[in-house]
Amino acid sequence: MLLLDSEAHDLFTKIEEGLDPFSLPPGEAREMVLGLISEGIILSKVDYPRPQKLSPKSLCLIVSHACNMACTYCSLSKATVEGKLMSPETAIRAMKWLIDNAPGIKVDVDFFGGEPTLAWNTVKAAVDFSKEYSKTKNKTVRFSMSTNALGLTDEMLDYCDENYISLILSLDGPKAENDRCRVLKDGRPSFDAVLPNIMKVAQRRQRGWYVRGTYSKGTINFSDSVIALHKMGINNLAFEPVVSNVSGVAFSKEDIPVIREEYEKLARYYVECKKTGVPIKFYHFEMDLENGPCARKSAGGCGAGAEYLAVSPDEKIWPCHQFDTEKDFCLGTLGDPPTQTVYDKYTIKNHLTGKRECPDCWASYFCSGGCIASNKLQEGDILLPYKMGCLIQKIRLEAALWVYSELRE
Amino acid sequence: MLPEVTRMRIKIIAKKPACSNIDDENCRECQTPCKSAAKTANTISNQICEAKGANSPWIL
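So the sequences go chain by chain: A and B.
Residue numbering for the first sequence follows the working numbering, starting at -17 and increasing by one per position.
Residue numbering for the second sequence follows the working numbering, starting at 18 and increasing by one per position.
In structure tokens form, the structure reads like this:
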């Protein structure tokens, strides 16, 4: 990371805008710039390799289209009505296919819904099978489960602990903020019902869990929510901006200054905690520039349709969990899985160099072009970056880099 | 506003990637980006290279 003073910042800006660095007058600035170019630190170009073979690595097993809650922003609201559960047999077939076809040693699985605890027997069947079968193939399977925590029992928690199942627990903030959208099926608020189970996880685990919140226009002061949850003893947090077109929920450009203030406020709080030894993890500020992903990974996109796939209860395979029920995006079934051609298509589509507006953006290697599902939902094309998402991502990255620079000593 | 540092330009050190396995195009050690706490694709920057030795039975 290069920290620039104002003079250097202006100079680099001009170079980015097309100034030929070799036309700089002799002096310290010219020497510095030409030195960085010769070392390949700036203005370097790399042809990033792409995977050549079938490359499934991660599956999202949508084990339940049913849910025990009725959050107003849920992307699966239509599917929830249908309420299908994945059978244990289907989950085992999906795991066998993944383990057989994954080229690497490590494979990852997330149990998702709807609400996955409603299909607990399916979750257990998939885990028990994978533990044994992966040994015969010299693979390691790691698990996570995204849950609203409403039905999370002690027995489930014990099983998750025994099998290293990481938990992503949905909660949008303290009571008032959470209960704006996260409600039970009968419309009652959910906070009081889910908090005890979330606190159980917070108290029994050092790692392997996060509280995952969503903020929207109505809860735009999300830093207060994060800080309030942290002060309740929830140390592992990740908050995401909503992706929506619904009035009163969706963000507009006028919200950007407020969102910037929120991330900056949170960054100050985070640094203060870290410097005073108070445990906290805010997922989006946890950057490691020294040990981060390689260039191939950074340019490879989100992985959807290339190394990350989702399987729904009816055995259909999708580019990711967010395309579930989007008929035009179905890639195949467990009986007729995606071909090399399908992988090639998504590997190219989802690569940074295949996205129209990304290659020149300073943040592109940090976000790799963002979420193709959000792109489609908001811009109508998986290759067109979701503009509001880009703006928020850059703000968040700036805050994260400021945190990094503050703490790296 | 945060101090000046937030407005810095970010330069990617393209020829010095963090992961030494860049030459192995089939390296599949680290997580797929969307498989993470945030369940979002915007998380590549929050990942670590597991081929360099970071290893854990926990995905998170």
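Ideal placement from N, C-alpha and C gives every residue a C-beta, glycine not left out.
Keep in mind the model is a prediction, meaning the values are calculated, not measured.
Query                                                                                                                                                                             : Result
Using three-state DSSP, classify S350 of chain A as helix, strand or coil.                                                                                                        : coil
Where in the stretch 188 to 245 of chain A do unbroken runs of the beta strand (DSSP E), each at least 3 residues long, occur, reported from the N-terminal end onward?           : 191 to 197 and 218 to 223
M269 of chain A touches chain B at which residues, Cβ-Cβ below 8 Å?                                                                                                               : S62 and N63
Report the three-state DSSP secondary structure of K32 of chain B (helix, strand or coil).                                                                                        : Residue placement at K32 of chain B is flagged as unreliable, the pLDDT there being 41, under the threshold of 50; the coordinate-derived value follows with that caveat. K32 of chain B falls in the coil class under three-state DSSP.
In the DSSP assignment, find the unbroken alpha helix (DSSP H) run with L291 of chain A in it and report its ends.                                                                : Unbroken run through L291 of chain A is the beta strand (DSSP E), Y290 to V293; no alpha helix (DSSP H).
Under 7 Å between beta-carbons, which chain B residues line up against W191 of chain A? List them in chain order, please.                                                         : L77
For V165 of chain A, which of A:V183, A:I180, A:I147 and A:N130 has the nearest alpha-carbon?                                                                                     : A:N130
State the Cα-Cα distance for the pair E137 of chain A and W79 of chain A, rounded to the nearest angstrom.                                                                        : 29 Å
Identify which residue in B:C44, B:N72 and B:Q64 has its Cα closest to the Cα of N273 of chain A.                                                                                 : B:Q64
Closest to M51 of chain A by C-alpha separation, out of A:D161, A:L219 and A:M181, would be which residue?                                                                        : A:D161
Could you round the C-beta distance between C284 of chain A and I354 of chain A to whole angstroms and report it? I think they count as a contact, below 8 Å.                     : 6 Å
Specify the secondary structure class of G314 of chain A as computed by DSSP and reduced to three states.                                                                         : strand
CA-CA distance, H266 of chain A and S5 of chain A?                                                                                                                                : 40 Å
In terms of alpha-carbon separation, which member of A:A158, A:K35, A:G287 and A:K309 lies closest to D296 of chain A?                                                            : A:K309
Which one of A:L177, A:S148, A:C163 and A:A158 has the shortest CA to CA distance from Y192 of chain A?                                                                           : A:S148
To be precise: take each residue of the stretch 85 to 101 of chain A, compare its Cβ to all Cβ atoms of chain B, and keep it if any distance is under 9 Å. Which residues remain? : P85, G86, I87, K88, V89, D90, V91, D92 and F94
Within its chain, find whatever has a CB closer than 6 Å to the CB of R194 of chain A; leave out the 5 residues flanking it on each side and keep chain order.                    : I150, S152 and A220
Applying the criterion that 16 or more other CB atoms from any shown protein chain within 10 Å of the CB defines a buried residue, is Q188 of chain A buried or exposed?          : exposed
What are the residues in the stretch 272 to 286 of chain A lying within 9 Å of chain B by C-beta distance?                                                                        : E272, N273, G274, P275, C276, A277, R278, K279, S280, G282, G283, C284, G285 and A286
Would you kindly work out how many angstroms separate the C-alpha atoms of E236 of chain A and W384 of chain A, rounded to a whole number?                                        : 24 Å
DSSP state of W300 of chain A, grouped into three classes?                                                                                                                        : strand
Among A:D342, A:N145, A:D82 and A:E(-2), whose alpha-carbon lies nearest the alpha-carbon of S116 of chain A?                                                                     : A:D82
Output yes or no for whether 8 Å exceeds the beta carbon distance between G371 of chain A and S356 of chain A.                                                                    : yes
Let me check one thing: in DSSP terms, what residues is S126 of chain A bridge-paired to?                                                                                         : A:D92 and A:S148
How far does the alpha helix (DSSP H) with L(-7) of chain A in it reach, from first residue to last?                                                                              : S(-12) to E(-2)
Going by beta-carbon coordinates alone, are A314 of chain A and I330 of chain A separated by less than 8 Å?                                                                       : The sequence given here places Gly at residue 314 of chain A; Ala does not occur at that position. No. Outside cutoff.
Pull out every residue of the stretch 352 to 371 of chain A whose Cβ sits closer than 9 Å to any Cβ of chain B, in chain order.                                                   : G352, C353, I354, A355, S356 and G371
Just mark E46 of chain B as buried or exposed, buried being the case when its beta carbon has 16 or more other beta carbons within 10 Å.                                          : buried
Take the Cβ of I87 of chain A as the centre, count every other Cβ of all protein chains shown within 10 Å, and call the residue buried at 16 or more, exposed below.              : exposed
What does the Cβ neighbour count give for L(-7) of chain A, buried or exposed, with the cut at 16 atoms within 10 Å?                                                              : buried
Please list the residues of the stretch 235 to 248 of chain A that have a C-beta atom closer than 7 Å to any C-beta atom in chain B, keeping them in chain order.                 : E246
Closer than 8 Å by C-beta to N145 of chain A: which residues in its own chain qualify, once you throw out the five before and the five after it? Chain order, please.             : V109, K113 and F125
Could you tell me whether the Cβ of E289 of chain A comes closer than 8 Å to any Cβ of chain B?                                                                                   : yes
Taking the C-alpha atoms as reference points, what is the distance between C44 of chain B and L316 of chain A?                                                                    : 25 Å
Output needed for I238 of chain A: all residues of its chain with C-beta closer than 6 Å, excluding positions within five of it in sequence on either side, in chain order.       : L373
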